[in-house]
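In terms of numbering that gives the first Met the number 0, the sequence shown has 86 at position 87, counting the first letter as 1, and numbering is strictly consecutive.
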Amino acid sequence: MITVLSGGTGTPKLLQGIKELVPQEELTIIVNTLENDYFSGVYVSADIDTVLYTMSDMINDELWYGVKGDTFITHERLEEIGCPELLRIGDIDRATKIQKTQIMKEYGLLKAVEIQSEKMGIKSKIIPMSEENSEIKIITDIGELEFHDFLIKHQSKPEVLDIEFSKVSPSKGIIEAIRNSDAVIIGPSNPITSISPILSLEGVRDALRDAFVIAVSPIIGSDSVSGPASKFMKALDIEVSSVGVASLYEDFLDVMVIDDKDDDKKIKVNQIVNKVIITNTIMNNLDAKKNLAEIIIDSIP
Ligand code: GDP
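Written as structure tokens, this is what we have:
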């Protein structure tokens, strides 16, 4: 059994490779819920939906958001009638979100995702990290912003001074999944807003200390491959590099995978974690995703 900790872009890319090599039944994916919120009357759990669409081959893997080939009739009509949406939600994607919102009301998020996974033919277990809503605040030079306002309305442009998020309880099954796994893979997701929320759940770090954990750096050189990870790390005074990422996982990490452009960082990363693997970590095609997945899986004892 393998457990993967995931956000909504870097790790789903890796999942496309992992799922070519590992039977879906042997995978559990614990997904960040920090940014979940209601938009246009529906519950938006962007990272969970991205993982659902990735595992069912529906993902729009140019944007890493929404469904490939989706239409935007409802979104455009809402704009025409004076009700513009902050998020651009596609029609098929909206159906997923409406269904999730409906099921959640009665059975909660965990069950809703379980039912949706089954309907999409997914054999892996996808577990939202928590069923509770998180509060997240991005403190910037233009004031305190909601996460989506920072990301979409302000296009991640303001200078970030601090990030705060509330503590939530882990969903049922998370600790057991980690404890019953041969290895835990932390994909190259945003260490601050995708992975830290999962690590902050009660019992997770303890369980990881007893597990075999492999992480892939989302930072190459001194910048993230995409998104605001480097900005967030800087705000929290964490070195923006694979060294900084490794330091966040120091107490439980067994293997760190860094990009071959980071050869010069190997010695420093090695002072934090026993085994360092250097390889291409840019996943811009299926072969690159499969190669990286294979190297990770081969490192499991
Ligand atoms: P979010 O939920 O959309 O923020 O997505 P994640 O947290 O899953 O992923 C965002 C992180 O993925 C960013 O910090 C990127 O640097 C990283 N990332 C995206 N694509 C790649 C890639 O091909 N290789 C590596 N190493 N990192 C990547």
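Where a beta carbon is used, it is the ideal one built from N, C-alpha and C, also for glycine.
I believe residue i touches residue j by the beta-carbon criterion, under 8 Å. Please report the beta-carbon distance rounded to the nearest angstrom.
{"i": "I295", "j": "I213", "result": "5 Å"}
{"i": "S129", "j": "P190", "result": "Their Cβ separation, rounded to whole angstroms, is 18 Å, which puts S129 and P190 out of contact at 8 Å."}
{"i": "I219", "j": "D258", "result": "4 Å"}
{"i": "I162", "j": "L85", "result": "In fact, because the Cβ distance is near 20 Å, the residues do not count as touching under 8 Å."}
{"i": "W57", "j": "K18", "result": "The residue asked about is misnamed: residue 57 is Met in this sequence, not Trp. That pair is no contact at about 13 Å."}
{"i": "P187", "j": "G9", "result": "4 Å"}
{"i": "Q13", "j": "A292", "result": "Note that residue 13 is Leu in the sequence shown, not Gln. L13 to A292, Cβ: 6 Å. Contact."}
{"i": "V254", "j": "I271", "result": "About 11 Å; that fails the 8 Å criterion."}
{"i": "L303", "j": "K289", "result": "As displayed, the chain neither begins before 0 nor continues past 300, which places residue 303 out of reach and without an answer."}
{"i": "K118", "j": "E24", "result": "Actually they are not in contact, since the Cβ atoms of K118 and E24 sit about 17 Å apart, beyond 8 Å."}
{"i": "I194", "j": "I185", "result": "6 Å"}
So which of the options has the shortest CA-CA distance to residue i?
{"i": "P157", "options": "K230, Q15 and G89", "result": "K230"}
{"i": "R208", "options": "A182, S223 and G226", "result": "A182"}
{"i": "R331", "options": "P300, I72, L200 and M103", "result": "No answer is possible for residue 331: the residues shown for the chain start at 0 and end at 300."}
{"i": "D205", "options": "E249, S216 and S165", "result": "E249"}
{"i": "E238", "options": "K267, V256 and D60", "result": "K267"}
{"i": "G6", "options": "A228, D297, I281 and E293", "result": "A228"}
{"i": "G142", "options": "V159, N132 and V112", "result": "V159"}
{"i": "G202", "options": "P187, V167 and V242", "result": "V167"}
{"i": "P11", "options": "M282, D297 and S298", "result": "M282"}
{"i": "T280", "options": "V215, S223 and Y64", "result": "V215"}
{"i": "S199", "options": "L33, L77 and H74", "result": "L33"}
{"i": "K171", "options": "K288, R87, P217 and E113", "result": "E113"}
{"i": "Q154", "options": "S225, K122, M119 and L108", "result": "S225"}
{"i": "D263", "options": "V254, S221 and K233", "result": "S221"}
{"i": "I173", "options": "K152, D90 and K124", "result": "K124"}
By DSSP, does residue i sit in helix, in strand, or in coil?
{"i": "T10", "result": "helix"}
{"i": "G107", "result": "coil"}
{"i": "A214", "result": "strand"}
{"i": "I303", "result": "Lying before the first or after the last residue shown, residue 303 is absent from the chain, which here runs from 0 to 300."}
{"i": "T280", "result": "coil"}
{"i": "L235", "result": "coil"}
{"i": "K112", "result": "Looking at the sequence provided, one finds Val at residue 112 rather than Lys. Three-state result, V112: helix."}
{"i": "F164", "result": "strand"}
{"i": "F146", "result": "helix"}
{"i": "S223", "result": "strand"}
{"i": "I137", "result": "strand"}
{"i": "V247", "result": "Sequence inspection shows Leu at residue 247; the Val mentioned does not correspond to that position. If DSSP states are grouped into helix, strand and coil, L247 belongs with the helices."}
The stretch 176 to 187 contacting the stretch 138 to 157, beta-carbon criterion three pairs below 8 Å: no
At least three beta-carbon pairs within less than 8 Å, the stretch 89 to 105 to the stretch 34 to 42: yes
Determine contact between the stretch 54 to 70 and the stretch 128 to 142, defined as no fewer than three beta-carbon pairs at a distance below 8 Å. Too few Cβ pairs lie closer than 8 Å, so no.
Does the stretch 20 to 36 come into contact with the stretch 2 to 9, if we say contact requires no fewer than three beta-carbon pairs (one atom in each stretch) closer than 8 Å? yes
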